[in-house]
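In what follows, a single structure is set out as structure tokens and then discussed.
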Amino acid sequence: MPDLPVSPPSPRGLDLPGAATQFAPLVDERLANGARLLILPARPAGAGPAAVQLWVGSGTAAEREDEHGCAHLLEHMLFKPCVLGHGPKSNRARLAAAGVRRTEEAFDLAGAIEALGGDINAFTSHDETVVHVTTPAARAAEAAALVATATLFPTLDPATLGQEREVVIEEIKQYDDDPGQRVTQAALSRVYGAHAYARPVLGLAEEVAGHSAARLRGYHRRAYAGERLTLVAVGAVDVAALRKVARAIVGALPAAKGRASAGEPAAKPGVTLRRAEVQETYALLAWPAPAAGAAEAAAIDAAAVVLGNGESSRLVAETRRKEQVVSDIQAHCDTLRHGGTVMVSARTTAKQTAAAVAAVLAQVRRLADAPVSAEELARAKAILESDLVYRRETVQGQAHALGACATLFGDLAREREYYAALAALTPEAVRSACGRWLDPARASVSLELPRAEVDVPTARSIKAAVAEALKPAPTPGRAGATPRRASDGIETVTLACGLRLLARVEPAVPVAAGWLIWPGGLRREPAALAGANSVIAALLTRGNARTGGEALSRAIDGMAAGLDGFAGRNSLGLHFECLSRHFPAVLGHALDCALTPKFAADEARGGAAGGAAGSGGRGRRSGRGGQPRAQRAAVRRAPVQPPGPRHAGRPAGADAGQAARAVAPRLPDRAGGAGPGRRHRRGGGRGPGRGGAARGWPRGQAV
151 MPDLPVSPPS
161 PRGLDLPGAA
171 TQFAPLVDER
181 LANGARLLIL
191 PARPAGAGPA
201 AVQLWVGSGT
211 AAEREDEHGC
221 AHLLEHMLFK
231 PCVLGHGPKS
241 NRARLAAAGV
251 RRTEEAFDLA
261 GAIEALGGDI
271 NAFTSHDETV
281 VHVTTPAARA
291 AEAAALVATA
301 TLFPTLDPAT
311 LGQEREVVIE
321 EIKQYDDDPG
331 QRVTQAALSR
341 VYGAHAYARP
351 VLGLAEEVAG
361 HSAARLRGYH
371 RRAYAGERLT
381 LVAVGAVDVA
391 ALRKVARAIV
401 GALPAAKGRA
411 SAGEPAAKPG
421 VTLRRAEVQE
431 TYALLAWPAP
441 AAGAAEAAAI
451 DAAAVVLGNG
461 ESSRLVAETR
471 RKEQVVSDIQ
481 AHCDTLRHGG
491 TVMVSARTTA
501 KQTAAAVAAV
511 LAQVRRLADA
521 PVSAEELARA
531 KAILESDLVY
541 RRETVQGQAH
551 ALGACATLFG
561 DLAREREYYA
571 ALAALTPEAV
581 RSACGRWLDP
591 ARASVSLELP
601 RAEVDVPTAR
611 SIKAAVAEAL
621 KPAPTPGRAG
631 ATPRRASDGI
641 ETVTLACGLR
651 LLARVEPAVP
661 VAAGWLIWPG
671 GLRREPAALA
681 GANSVIAALL
691 TRGNARTGGE
701 ALSRAIDGMA
711 AGLDGFAGRN
721 SLGLHFECLS
731 RHFPAVLGHA
741 LDCALTPKFA
751 ADEARGGAAG
761 GAAGSGGRGR
771 RSGRGGQPRA
781 QRAAVRRAPV
791 QPPGPRHAGR
801 PAGADAGQAA
811 RAVAPRLPDR
821 AGGAGPGRRH
831 RRGGGRGPGR
841 GGAARGWPRG
851 QAV
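By this note's numbering, the letter at position 334 of the sequence shown is numbered 484, and the numbering carries on one by one without gaps.
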């Protein structure tokens, strides 16, 4: 990937027009106390805007038990009057040492920056607190001195604190009144368990009400120190003047003490449901995701884009426009220092709540079952890389990139590594990562339902239905059942439901094939339903309770597999072939087709019109002379009665769906086995990379 001409290179290094002449080499220095100074100077000096940002590598996650809410409350207090004082250790003396003269007794940070022709704001997240300024480049050093003084040596007047506590408590109440924020916080509480990331950035109203100036000073003294500080400046700035500011003010703080370990998040998957005064259901589904810097972060970011970023995403196309079970839906990935979260947010009607959650889970399962298409992956890469390109257009964006990378990793090259991983990403890598991270059994679901429409028994029923949809696939087979192995290598076992399983493993061949067969065919058709088996065979792969017909076709095609129904004289069933690594996913689809076929009326009319057995699945492959792969497989290797001649008679299209349901197979209940919700899932480990994410709600930031 091409580099910007800075040394060391700016983290997300892609060439931009004019980059070679716009910027001088990056200044990257450590002060004696461990604080870091990053300056990306532009040419010519003194022209245009500049960005000045002070990053503090401490946020909500750095708070102790009695400090919840201190990080955000302290951020508010940084904008209150800062007393300059007198004497060698006063703020006035620090500013003078930095080359800035002030005559007033105290200065208001926002007013002072605006007087320079700039603007200022700040935010707090779980991992950092940031004060950021845009100012004329000629005034950047003075702006940096004012920001550093007010941030690192605040006055924290008790009287002013009392007023600001009320402001923050009102802000908390506004968040608490937002249903979207409530379901998000409830889901994150499950995703992160006892970890600090489970706490709201603002804290709780009762916690904030009890904070004193002394407590804020204690938190400030511990969190705003030494190596946790990074001063960033980008633009046509005076490098020497900024060095002077950094050494005089930022360097005046002591070195930071060791940071207590935050530990690893421990998720508590499940369903949280609440009846509230809302007009529709608010739903949020969340999964643990790779932390910033993890190896699979780029793959999960891309999956989140494919899943729910934009009008062409799967969730929008399938659940909102096609199935119409949601009124609004989106997905994004949020990555933090110690963990990440994939979140799907949706709104729907009370009656459609369970169906909406099931539809979302079906799309999430698709990501693990089959690789995304080349077109989808290219779109995801373009969206994620555009964040880099758009950010390069502004000094603020470049400063943010430097500050974030330095604060999260300490290594500016890590962001470049993320984009290199993104560029090299393959559809199979995305599928593999989703199989490890986006298992429905690991999901945390939060729901708020309209109290006026949903009574308590109905709410319990919805919660139970959603919880059932999240359950992992049970282990099939009767307890203690041991397969019998014949001399020809075929193993046989009878499952608890009565299904007889015959399997032969051939390690030398990297493909798998299977038949799911039950008694049926022409000999079992009532005279009034002549030809129904042929229609059933055609419809088995045209949608089931978990996956629609078109979605199933895409999933099978995406794995270069085949899945077909067939009907003969004595039997009816399904046949599949696939690469060995896709066997669990394809088998899961085959079982779904057998257990919960939809037999939709529109599909039934199509099946009656042209549904010869073996033509049901869009994953069907044709071979020599157009002969379906399933038929060829039957002739070559079927250990059972192969499909026989097709019956000429077929039921009329209008009655085809009813006919199919009348004679469709019903496998026995699978005690201890997989039922209609059956799906094979993959487990796996985790690896170290950086998440750049499809951006959604600003969860985890407060201003």
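By construction, the Cβ of each residue, glycine as well, lies at the ideal position given by its N, Cα and C atoms.
On a predicted model such as this, the values are computed, not experimentally measured, just so you know.
DSSP three-state assignment for residue i, whether helix, strand or coil
{"i": "residue 733", "result": "helix"}
{"i": "residue 525", "result": "helix"}
{"i": "residue 228", "result": "coil"}
{"i": "residue 347", "result": "helix"}
{"i": "residue 307", "result": "coil"}
{"i": "residue 271", "result": "strand"}
{"i": "residue 178", "result": "strand"}
{"i": "residue 403", "result": "coil"}
{"i": "residue 641", "result": "strand"}
{"i": "residue 237", "result": "coil"}
{"i": "residue 913", "result": "Residue 913 falls outside the range modelled here, since the chain spans only 151 to 853, and no answer is possible."}
{"i": "residue 197", "result": "coil"}
{"i": "residue 372", "result": "helix"}
{"i": "residue 693", "result": "strand"}
{"i": "residue 661", "result": "strand"}
{"i": "residue 648", "result": "coil"}
{"i": "residue 542", "result": "helix"}
{"i": "residue 191", "result": "strand"}
{"i": "residue 438", "result": "strand"}
Cross-strand partners of residue i (DSSP beta bridge)
{"i": "residue 473", "result": "Partner(s): none; residue 473 has no beta bridge."}
{"i": "residue 666", "result": "724"}
{"i": "residue 483", "result": "492"}
{"i": "residue 203", "result": "282 and 382"}
{"i": "residue 598", "result": "424 and 432"}
{"i": "residue 478", "result": "497"}
{"i": "residue 713", "result": "726"}
{"i": "residue 256", "result": "233"}
Option in the options with minimal Cα separation from residue i
{"i": "residue 710", "options": "695, 735 and 723", "result": "735"}
{"i": "residue 505", "options": "257, 742, 613 and 677", "result": "613"}
{"i": "residue 639", "options": "341, 655 and 285", "result": "655"}
{"i": "residue 235", "options": "228, 369 and 244", "result": "244"}
{"i": "residue 269", "options": "253, 255, 321 and 290", "result": "290"}
{"i": "residue 592", "options": "439, 255 and 748", "result": "439"}
{"i": "residue 689", "options": "713, 668 and 708", "result": "713"}
{"i": "residue 242", "options": "674, 367, 399 and 502", "result": "399"}
{"i": "residue 454", "options": "262, 522, 503 and 339", "result": "522"}
{"i": "residue 519", "options": "447, 172 and 728", "result": "728"}
{"i": "residue 314", "options": "287, 449 and 228", "result": "228"}
{"i": "residue 265", "options": "253, 248 and 285", "result": "285"}
{"i": "residue 292", "options": "253, 248, 307 and 321", "result": "248"}
{"i": "residue 352", "options": "568, 385 and 274", "result": "274"}
Rounded C-alpha distance that separates residue i from residue j
{"i": "residue 487", "j": "residue 564", "result": "13 Å"}
{"i": "residue 826", "j": "residue 512", "result": "Bear in mind that the predicted position of residue 826 carries a pLDDT of just 30, short of 50, making it too unreliable to give a figure here."}
{"i": "residue 424", "j": "residue 304", "result": "42 Å"}
{"i": "residue 184", "j": "residue 560", "result": "12 Å"}
{"i": "residue 489", "j": "residue 671", "result": "54 Å"}
{"i": "residue 620", "j": "residue 718", "result": "37 Å"}
{"i": "residue 406", "j": "residue 373", "result": "8 Å"}
{"i": "residue 452", "j": "residue 509", "result": "20 Å"}
{"i": "residue 220", "j": "residue 311", "result": "12 Å"}
{"i": "residue 202", "j": "residue 525", "result": "39 Å"}
{"i": "residue 191", "j": "residue 283", "result": "16 Å"}
{"i": "residue 349", "j": "residue 213", "result": "10 Å"}
{"i": "residue 296", "j": "residue 224", "result": "17 Å"}
{"i": "residue 382", "j": "residue 319", "result": "31 Å"}
{"i": "residue 494", "j": "residue 457", "result": "9 Å"}
{"i": "residue 416", "j": "residue 441", "result": "13 Å"}
{"i": "residue 367", "j": "residue 358", "result": "15 Å"}
{"i": "residue 566", "j": "residue 750", "result": "49 Å"}
Near the ligand PLP: residue i beta-carbon under 8 Å from a heavy atom
{"i": "residue 427", "result": "The model depicted lacks the ligand PLP and carries no ligand whatsoever."}
Proximity test, Cβ basis, 9 Å: residue i and chain B
{"i": "residue 175", "result": "Within the model displayed, chain B is absent; a lone protein chain is all it includes."}
Touch test, the region 570-590 against the region 530-538, Cβ-Cβ under 8 Å, three pairs minimum: At 8 Å Cβ cutoff, the stretches touch.
At least three beta-carbon pairs within less than 8 Å, the region 329-347 to the region 424-433: Segments in contact, yes.
Sufficient close CB pairs (3 or more, under 8 Å) joining the region 266-285 to the region 202-219: Short answer: they touch.
Validate contact between the region 662-676 and the region 458-478 using beta carbons, cut 8 Å, 3 pairs: The region 662-676 is not in contact with the region 458-478.
Stretch-stretch touch, CB-based, cutoff 8 Å, three pairs: the region 185-199 with the region 333-350: The region 185-199 and the region 333-350 do not touch, with fewer than 3 CB-CB distances between them shorter than 8 Å.
Inter-stretch contact at 8 Å, needing at least 3 Cβ pairs: the region 693-708 / the region 537-557: Cβ pair count under 8 Å is below three, so no.
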